[in-house]
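A short write-up of the structure that comes next.
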Amino acid sequence: MTGLRCSIESGRLYRPALGERMRMFKVLAAVLLLHAAAVFAAVPATVEAVQSPAWLERQGWSQPLSPGQELHDGDIVRTGAGARAWLLLAEGSRVKLGEATRFTLHSSSLEPARYFRGALDIAAGAFRFTTGLLSKDKRREVAIRIGTATIGIRGTDLWGKTDRDGDLVLLLEGRIGIEHGGAVTELTQPWTYLDAPHGQAATVKLLDPERFRAMARQTEIIAGDGASRIKGKHGLPVVVANSSEEALETYDRLREAGFAARIQPRAVEGGWQYELKLTGFTSPDEAQVAARRARALLAGGV
């Protein structure tokens, strides 16, 4: 390494001359500036809303998914049974994930709010992708892979699902090109979809809009679902622990179960109690729904 260099010569620490030190400083400063630009560039996506349980996986580490979290290149979002997650891309598009979904974000954009370039990979589950409006100074290049189908989009609203039965991609608005099994299919008419059962040829079909209502519910979050949101200000204790050891144990269990719990100590007569709280809800009723779900998981031995 030619940057910060030191060696032992004749039992003394090698110290670069002033001129060499200045050159080394300039090189190091340039490297740090480049690194800082990458670190502080706008993030590709942000978590908007979560109906737990859900998790964020990054570089082998897992933590509960919660509103406001920033998503980076290579991040994986997983949702559990009955869960939902909504994500906002930096350029304004929204991604809605249903239960039992595994989603990976790929983006190397340095300025994703101005020029978003990336890929969305849905390995399992249901999703909906709705593009945001772009101004003249913004660009978007997004590819979506759902199961074994790869989708190129242009000003689009689409819904899709992949499971053990096969892949399905439905066009709601705009136009998309789908590559599947070596063939490319273009959908330009709303309510047409590519049906690709495993082991069978893919076909294009027309969907009854009424049928979509039930399909859309798989990715929607509605009032009463107990979802937390970025601007949610209400919270509720799931349990109250009487010792720090009990609090930490319950905290770990809740987070492993996909709930972003927080510990809030509270002074009581003779000592302390510890509330394990869920926060970020738009109303006490929403918080209550989530708390009941978390308690049920704890009671089930999660």
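Sequential numbering from 6 applies to the sequence shown in the numbering used here.
For each residue, glycine too, the CB sits at the ideal point set by N, CA and C.
Report the CB separation of A90 from V55 in whole angstroms; it is logged as a contact under 8 Å.
Confirmed, about 5 Å.
So what does DSSP say about E225, is it helix, strand or coil?
Assigned with DSSP and collapsed to three states, E225 falls in coil, not helix or strand.
Beta-carbon contacts of P242 that lie in its chain and below 7 Å, excluding the five residues immediately before and after
The answer, listed in chain order, is E280, L281 and K282.
What is the rounded straight-line gap between the Cα of R63 and the Cα of P202?
So the alpha carbons of these two residues sit roughly 32 Å apart.
Just tell me which of R83, T84 and L102 has its CA closest to the CA of L2.
Limits of the chain in this structure are 6 at one end and 307 at the other, which puts residue 2 out of reach.
Mind listing, in chain order, the continuous alpha helix (DSSP H) runs of no fewer than 4 residues lying wholly within the stretch 57-85?
Within the stretch 57-85, no run of alpha helix (DSSP H) reaches 4 residues while sitting entirely inside it.
By a C-beta neighbour count over all protein chains shown, 10 Å radius and 16 as the cutoff for buried, is M6 buried or exposed?
With a pLDDT of only 40 at M6, under 50, the local geometry of the prediction cannot be trusted, and the value read off the model is given with reservation. Exposed.
Give the secondary structure of R89 by DSSP, where H, G and I count as helix, E and B as strand, and everything else as coil.
The three-state secondary structure of R89, taken from DSSP, is strand.
Near A43, which residues of its chain fall below 8 Å by C-beta distance, leaving aside the five closest residues on each side in sequence?
Caution is warranted here: a pLDDT of 43 is assigned to A43, below 50, making its placement in the model unreliable, and no coordinate value can be reported.
Who are the near neighbours of S67 in its chain, counting only those whose CB is closer than 6 Å to its CB and skipping five residues on each side?
Excluding five sequence positions before and after S67, the CB atoms of its chain that fall closer than 6 Å to its own CB belong to W60, given in chain order.
Contact check, T193 vs A207, beta carbons under 9 Å
With respect to the 9 Å criterion, T193 and A207 are not classified as neighbours on the basis of their beta carbons.
Looking at the strands, I want to know which residues DSSP matches up with W277.
Answer is A272.
The beta strand (DSSP E) spanning D172 covers which residue range?
Taken as a continuous stretch (DSSP letters only), the beta strand (DSSP E) holding D172 covers G171 to H185.
If you pair each beta-carbon of the stretch 228-240 with each one of the stretch 281-297, do three or more pairs fall below 8 Å?
Yes, since at least three Cβ pairs between the stretch 228-240 and the stretch 281-297 fall closer than 8 Å, the two stretches touch.
Flag this pair as yes or no: are the beta carbons of V52 and Q74 separated by less than 9 Å?
For V52 and Q74, yes; Cβs fall inside 9 Å.
Same chain, Cβ closer than 7 Å to E178, neighbours up to 5 away in sequence not counted:
Correct list, in chain order: T161, D162 and P195.
According to DSSP, is T255 helix, strand or coil?
Looking at T255 - three-state DSSP - the assignment turns out to be helix.
So, using beta-carbon positions, are K166 and Q205 closer together than 9 Å?
Not a contact, by the Cβ cut-off of 9 Å.
Beta-carbon proximity list for T197, same chain, < 8 Å, skipping 5 on both sides:
The answer, listed in chain order, is L175, L176, V209, K210, L211 and L212.
In chain order, what residues of the same chain lie with their CB nearer than 7 Å to the CB of D170, ignoring the 5 residues before and after it?
The residues are P202 and H203.
According to DSSP, is G264 part of a helix, a strand, or is it coil?
Note that residue 264 is Phe in the sequence shown, not Gly. Coil at F264, not helix or strand.
So what does DSSP say about L303, is it helix, strand or coil?
Here L303 carries a helix assignment [DSSP, helix/strand/coil].
Going straight from the alpha carbon of D230 to that of Q293, what length do you get?
Their backbone Cα atoms lie some 10 Å apart in a straight line.
Over the uninterrupted beta strand (DSSP E) stretch that includes G240, give me the two end residues.
Note, G240: beta strand (DSSP E), H239 to A246.
Taking the continuous beta strand (DSSP E) assigned at L192, which residues delimit it?
Element bounds for L192: A188 to L192.
In chain order, what residues of the same chain lie with their CB nearer than 6 Å to the CB of A265, ignoring the 5 residues before and after it?
The residues are P69 and S71.
Helix, strand or coil: which one does DSSP assign to S112?
Strand at S112.
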